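S.K.:
Number of protein chains: 2
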Amino acid sequence: MHFKDVLPLQSGASIRAYDLSYETYGVLNADKSNAVLICHALNASHHVAGVYLDESGQVKAKSEGWWDTMIGPGKPVDTNRFFVIGVNNLGSCFGSTGPMQINPDTQEVYGADFPVVTVEDWVDAQARLLDALGIHTLAAVMGGSLGGMQALAWTLQHPDRVRHAVVVASAPNLNAENIAFNEVARRAITTDPDFHGGHFYRYGVLPKRGLRIARMIGHITYLSDDVMNEKFGRLQVAPTLVASRTTLPPEGAHFPLGRPGGETLAPTPTVTSSPFKYSTQDVEFQIESYLRYQGDKFSEYFDANTYLLITRALDYFDPASAYGGNLSLALSKAKAKFLLVSFSTDWRFSPKRSREIVKALLDNQRDVSYAEIDAPHGHDAFLLEDARYLGVVRSYFNSKVGV
Amino acid sequence: MHFKDVLPLQSGASIRAYDLSYETYGVLNADKSNAVLICHALNASHHVAGVYLDESGQVKAKSEGWWDTMIGPGKPVDTNRFFVIGVNNLGSCFGSTGPMQINPDTQEVYGADFPVVTVEDWVDAQARLLDALGIHTLAAVMGGSLGGMQALAWTLQHPDRVRHAVVVASAPNLNAENIAFNEVARRAITTDPDFHGGHFYRYGVLPKRGLRIARMIGHITYLSDDVMNEKFGRLQVAPTLVASRTTLPPEGAHFPLGRPGGETLAPTPTVTSSPFKYSTQDVEFQIESYLRYQGDKFSEYFDANTYLLITRALDYFDPASAYGGNLSLALSKAKAKFLLVSFSTDWRFSPKRSREIVKALLDNQRDVSYAEIDAPHGHDAFLLEDARYLGVVRSYFNSKVGV
């Protein structure tokens, strides 16, 4: 969808003549009351559910929507009942206008000149998309992690346009540790000599070193300590096959969301104990191999400026800040009913942070359901198949969300 | 101390004509029964206690020993009673032979050719130092974190030479998450274009970008989430003064151990809420400023190859591996009495890991004292002043460690 009108941004800057990529699933009903908006997290896209077919009608490799476990016919968010909209945010590198595209004011690639966008800006842009689709009120807005922040922001910026908000594995703001991890990732990117102040496109290079490091840090923080020990522990890689690991298997279409829990590892055999190579630079442990592989893959398809923009949007989000830090006061504007879900081993967006939102909503006598799922997978759990988690969302949509 | 004899290493390689830097405190008694060996962690040195004076007899800035809270006259490890030896490990950049020095076989700087050294190798080298000092049996061997691993290894490699082992904030091996953080740090260093495969000395450059990232990651993991929120939270930096932050204050002698909890911040005023700059590359939050400052400082004095070597020594340490993972079996060789200390908020070397060692020692009917200190500072707590922690160590040395 192309938008001609200027969109004013929170920073004071603005953007004009932009596109938003979106995908829909199911059918909008006659009174347009069954729309569910899905907001994406760090490195996902509008491709929320289903699969893409290639020219010959075959399912493309790794083309599955990033929340396909959650959304589809007969699934927890049932597209036989709901009209689901996946939208790619401004600043992304997966279709909507972002740093890799042409700035209409200069006719050059935006690069580092792409304006800084916030969660609130994304919500404003999403609201314009709904306007264009003729949808006034959402049956629900839903997202995990950074997507959950957008769902929460929807209830504050457009309280009369949201009946339900489903906020999964999210937080009312980032804490210092989260900002710290974002900052290290950003520094890895911006100090990569191939970054060129964000104008690397002009030089025909990509700051892949930085992106690799950023992604490796991300992966560590998305997984729980327990699941990492269970999956990798101190398993070594088989010495004779290590060299092959640096050559990645050919990839099909890019995979807009790297799902560490869901993805298969490069097929390097593991051994529980073998002679070490005693090297500081070769791979010894399976966890190293996994991280290198994920970092390499990510650096092939993700845009560095987008990474900076999206981590900054995470850092800035803090609805309580305008209320002297009082979250209850900040959330008093919300009129929606809420479902919050958190995961016991998520240390990036811990249950404690979800409970802060629950408490602030209850302080305002809002209708809130809250589920804390005992799951081993850390922050990543919100993307994975877990019967209790999916069951909670299914029940909520079945019993509470009318159309 | 210079050593002419070849030291065989665990890897199968060896090193010859090496030096070990060491410092001693107190007086060795007549029967040489009061020696306490202190083993250092990642980026510390033999300068364990006291201060250095400059030519005019003034105390040098930041020249305080890294465990000066613990060791000295009247302190928990009382140098009026004990002869304390601080030794710098092989591979370090603070005096003992390491990658920055000349390889006698080639007459060139070692660089990446410095052999990979392990915890066990360090212990062997330390034992030779004790031989040279005429000390057969240690009253105690003591260390925190990686230093604790060395203390534990002493009890296994030289069970008859250690009467007590004090193992603080340590673990019987690294778990997958710890290896993962080490690997990201190493990749940041080795993919820095100024690394040149570890032979950067020849090119007159230093891989400072990589070292900065490595150090930033380290700092995040040394602190607890709680203390980071308490110290930094979402505090912003004052917009007008940000530029000054990139200019570091002049440093005196290098500070061999960066102590995040103990160091003062660069004096940038903080504000609780101010207009954001809406920038992906400028500093907005105090935690970003702190990490950049620590990273910059570290990159000025620490050797990149040493960082690789020391993190690898951490990765490799795993005394149970030769016993099919059975730690109780592995520790059956130890004859020393033990004090173990852990800290409640240490998520890098959690209390659970210390308890594994305690259990394995108890399985062998060893004499073990264990203290789990409720401290807010994360892994860093082992370097900080904490009355309960210091009290436990004081009591142990006073009541149990005879001379």
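Keeping their order, the protein sequence lines are chains H and V. Sequential numbering of the first sequence, starting at 4, is according to the working numbering. Sequential numbering of the second sequence, starting at 4, is according to the working numbering. Yeah, the Cβ is synthetic: ideal placement off N, Cα and C, and Gly gets one too. Because the structure is a prediction, the values reported are computed rather than measured.
With a threshold of 7 Å between beta-carbons, can Pro278/H be considered close to chain V, or not?
M.R.: Judged by the 7 Å Cβ criterion, Pro278/H is not in contact with chain V.
S.K.: Of all the options Ser402/V, Ala188/V, Leu238/V and Val240/V, which has the alpha carbon lying nearest to the alpha carbon of Ser224/V?
M.R.: Ser is not the amino acid found at residue 224/V; the sequence shown has Thr there. Minimum Cα distance to Thr224/V is reached at Ala188/V.
S.K.: I need the straight-line Cα distance from Asp163/H to Lys35/H, nearest angstrom please.
M.R.: Computed Cα separation, rounded: 15 Å.
S.K.: Check whether the segment 46 to 57 of chain V touches the segment 23 to 34 of chain V, counting contact only when three or more Cβ pairs, one atom from each stretch, lie closer than 8 Å.
M.R.: Flag = yes, the segment 46 to 57 of chain V and the segment 23 to 34 of chain V touch.
S.K.: With a 10 Å radius around its C-beta and 16 neighbouring C-beta atoms as the bar for buried, classify Lys7/V as buried or exposed.
M.R.: That one is exposed.
S.K.: State the CB to CB distance for the pair Ile41/V and Gly151/V, rounded to an integer number of angstroms; the pair is presumed to be in contact (CB under 8 Å).
M.R.: Wrong, their Cβ atoms sit about 11 Å apart, outside the cutoff.
S.K.: Rounded to the nearest angstrom, how far is the Cβ of Ala172/V from that of Phe352/V, given a contact under 8 Å?
M.R.: The pair is a contact, with the Cβ atoms about 5 Å apart (cut-off 8 Å).
S.K.: What are the start and end residues of the beta strand (DSSP E) that includes Ala38/H?
M.R.: Unbroken beta strand (DSSP E) run through Ala38/H: Ala38 to Cys42.
S.K.: Is Asn181/V close to chain H, meaning its C-beta is less than 7 Å from at least one C-beta of that chain?
M.R.: Closer than 7 Å: no.
S.K.: When the cut-off is 7 Å and only beta carbons count, does Gln297/V lie next to chain H?
M.R.: No, no contact with chain H.
S.K.: Using three-state DSSP, classify Asn106/V as helix, strand or coil.
M.R.: DSSP places Asn106/V in strand when its eight states are reduced to three.
S.K.: Between Asp228/H and chain V, is any beta-carbon pair separated by less than 7 Å?
M.R.: Yes, Asp228/H counts as interfacial toward chain V.
S.K.: By the three-class DSSP mapping on this structure, what secondary structure does Thr395/V have?
M.R.: The sequence as given places Val at residue 395/V; Thr does not occur at that position. DSSP places Val395/V in helix when its eight states are reduced to three.
S.K.: Write down the C-beta distance between Leu226/H and Tyr310/H rounded to the nearest angstrom, noting that I regard them as a contact closer than 8 Å.
M.R.: At roughly 19 Å, the Cβ-Cβ gap does not stay under 8 Å, so Leu226/H and Tyr310/H are not in contact.
S.K.: First and last residue of the alpha helix (DSSP H) that includes Lys340/V?
M.R.: No alpha helix (DSSP H) holds Lys340/V; the beta strand (DSSP E) holding it covers Lys340 to Phe346.
S.K.: How close, in whole Å, do the beta carbons of Gly114/H and Asn308/H come, if the pair is a contact with beta carbons under 8 Å?
M.R.: Correct: roughly 6 Å between the Cβ atoms.
S.K.: Would you say Thr224/V lies against chain H (beta-carbon separation less than 7 Å)?
M.R.: Cβ-Cβ to chain H under 7 Å: no for Thr224/V.
S.K.: Nearest by alpha-carbon distance to Arg166/V: which of Val144/V, Ala183/V, Ser148/V and Asn185/V is it?
M.R.: Of the candidates Val144/V, Ala183/V, Ser148/V and Asn185/V, the one whose C-alpha sits nearest the C-alpha of Arg166/V is Val144/V.
S.K.: Looking at the strands, I want to know which residues DSSP matches up with Pro11/H.
M.R.: Pro11/H pairs with Ser17/H.
S.K.: State the Cα-Cα distance for the pair Ala16/V and Glu123/V, rounded to the nearest angstrom.
M.R.: C-alpha separation (whole angstroms): 14 Å.
S.K.: Check for me: the alpha helix (DSSP H) holding Phe301/H runs from which residue to which?
M.R.: Note, Phe301/H: alpha helix (DSSP H), Gln289 to Tyr304.
S.K.: In the DSSP assignment, find the alpha helix (DSSP H) that holds Tyr113/H and state where it starts and stops.
M.R.: That residue, Tyr113/H, is in no alpha helix (DSSP H); it is neither H nor E in DSSP.
S.K.: Tell me which same chain residues have a C-beta within less than 7 Å of the C-beta of Leu294/V, skipping the five on either side of it?
M.R.: Excluding positions up to five away in sequence, the list reads Met219 and His222.
S.K.: Can you tell me where the beta strand (DSSP E) holding Ala372/H begins and where it ends?
M.R.: Looking at the sequence shown, residue 372/H is not Ala but Ser. Run containing Ser372/H: Val371 to Ile376, per the beta strand (DSSP E) assignment.
S.K.: What is the DSSP secondary structure of Glu26/V, counted as helix, strand or coil?
M.R.: Three-state DSSP puts Glu26/V in a strand.
S.K.: Can you check whether the C-beta of Pro210/V is within less than 7 Å of a C-beta belonging to chain H?
M.R.: No, no contact with chain H.
S.K.: Which value, in whole angstroms, describes the spacing of the CA atoms of Asn106/H and Met103/V?
M.R.: Cα to Cα, the separation comes out at about 49 Å.
S.K.: Quick check on the DSSP output: what are the complete beta strand (DSSP E) runs of length 3 or more inside the segment 152 to 195 of chain H, in order along the chain?
M.R.: Entirely contained in the segment 152 to 195 of chain H, the beta strand (DSSP E) runs reaching 3 residues are, in chain order, 167 to 171.
S.K.: Measure the C-alpha to C-alpha separation of Ala33/H and Gln129/H and round it to an integer number of angstroms.
M.R.: Their Cα atoms are separated by approximately 21 Å.
S.K.: Output the distance between the C-alpha atoms of Asn46/H and Leu332/H, rounded to the nearest integer angstrom.
M.R.: If you take the alpha carbons of Asn46/H and Leu332/H, they lie about 31 Å apart.
S.K.: Does the Cβ of Arg84/V have 16 or more other Cβ atoms within 10 Å, making it buried, or fewer, making it exposed?
M.R.: So Arg84/V ends up on the buried side.
S.K.: Under a CB-based cut-off of 7 Å, is Ser292/H close to chain V?
M.R.: No, because no Cβ of chain V sits closer than 7 Å to the Cβ of Ser292/H.
S.K.: Assuming Met73/V contacts Leu393/V under a Cβ cut-off of 8 Å, what Cβ separation, rounded to an integer in Å, is found between them?
M.R.: Met73/V to Leu393/V, Cβ: 7 Å. Contact.
S.K.: For a contact defined as C-beta to C-beta under 9 Å, what are the partners of Ile152/V on chain H?
M.R.: Here residue 152/V turns out to be Met, not Ile, going by the sequence shown. Under the 9 Å cutoff, chain H gives no residues; its nearest Cβ is about 14 Å from Met152/V.
S.K.: Pull the bridge partners of Met145/V from the DSSP assignment, please.
M.R.: Answer by DSSP bridge pairing, in chain order: Ile41/V and Val169/V.
S.K.: At the 7 Å Cβ level, is Lys63/H part of the contact set with chain V, yes or no?
M.R.: No - not a single Cβ of chain V is within 7 Å of the one on Lys63/H.
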